[in-house]
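Structure, as structure tokens:
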Amino acid sequence: QWYQRRVRATSEDLINVAIEQKRFHTAMEMALNAKDLDLVLETCRQVPVEDMFRDPPSQLILLSIFAHLQADLHVDLELKSSYLIEAIQAVDMTDQTVRHHKGQLMQTLIENIDTSQPRVPRDMYNLYLKNLRWSASMLMNA
Numbered sequence: 057q058w059y060q061r062r063v064r065a066t067s068e069d070l071i072n073v074a075i076e077q078k079r080f081h082t083a084m085e086m087a088l089n090a091k092d093l094d095l096v097l098e099t100c101r102q103v104p105v106e107d108m109f110r111d112p113p114s115q116l117i118l119l120s121i122f123a124h125l126q127a128d129l130h131v132d133l134e135l136k137s138s139y140l141i142e143a144i145q146a147v148d149m150t151d152q153t154v155r156h157h158k159g160q161l162m163q164t165l166i167e168n169i170d171t172s173q174p175r176v177p178r179d180m181y182n183l184y185l186k187n188l189r190w191s192a193s194m195l196m197n198a
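In case it helps, my numbering puts the sequence shown at residues 57 to 198.
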């Protein structure tokens, strides 16, 4: 446990340095590679979605964002949905890796949307999820 806490602290430090240097894609890649959803969410909180997607990240980072942020949609729904919708819009459909994985990732995302339970006011929850579900459906069928 001590080692895991130390690795997380080191990862957080490196991510914070990358964010301070405005190397947002590097920060996100480090968070995603740590395989720690809390670290990914903290990175998302520190980097406004418009800064992350001003110059879209690599397709592998986008796919990893889908895989990580679709978990527990009821937690930080607004943050997750804004990142996921921007990631969907940034996908390059000519990329072979994207074409190979998009169907399964979007199907899983849609299933998670359909089974998630609200922890925010129902009307806001529905708005976020409807927008996210629509975007995922469009990508899945593209």
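Even for Gly, the Cβ is constructed at its ideal location relative to N, Cα and C.
8 Å contact criterion, which residue i and residue j should meet: CB distance rounded
| i | j | result |
| --- | --- | --- |
| Gly159 | Met196 | 6 Å |
| Asn187 | Ser114 | About 24 Å separates the two Cβ atoms, so there is no contact after all. |
| Ala124 | Val103 | The sequence shown places His at residue 124, not Ala. Not a contact, Cβ separation roughly 14 Å. |
Assigned secondary structure, residue i (DSSP; H/G/I helix, E/B strand, else coil)
| i | result |
| --- | --- |
| His130 | coil |
| Ser172 | coil |
| Ser120 | helix |
| Arg79 | coil |
| Arg110 | coil |
| Asp69 | helix |
| Met149 | coil |
Per-residue burial, residue i [other beta carbons within 10 Å of its own, 16 or more giving buried]
| i | result |
| --- | --- |
| Gln152 | exposed |
| Thr150 | exposed |
| Ala74 | buried |
| Thr66 | exposed |
| Gln163 | exposed |
| Glu76 | exposed |
| Met194 | exposed |
| Val154 | buried |
| Ala83 | buried |
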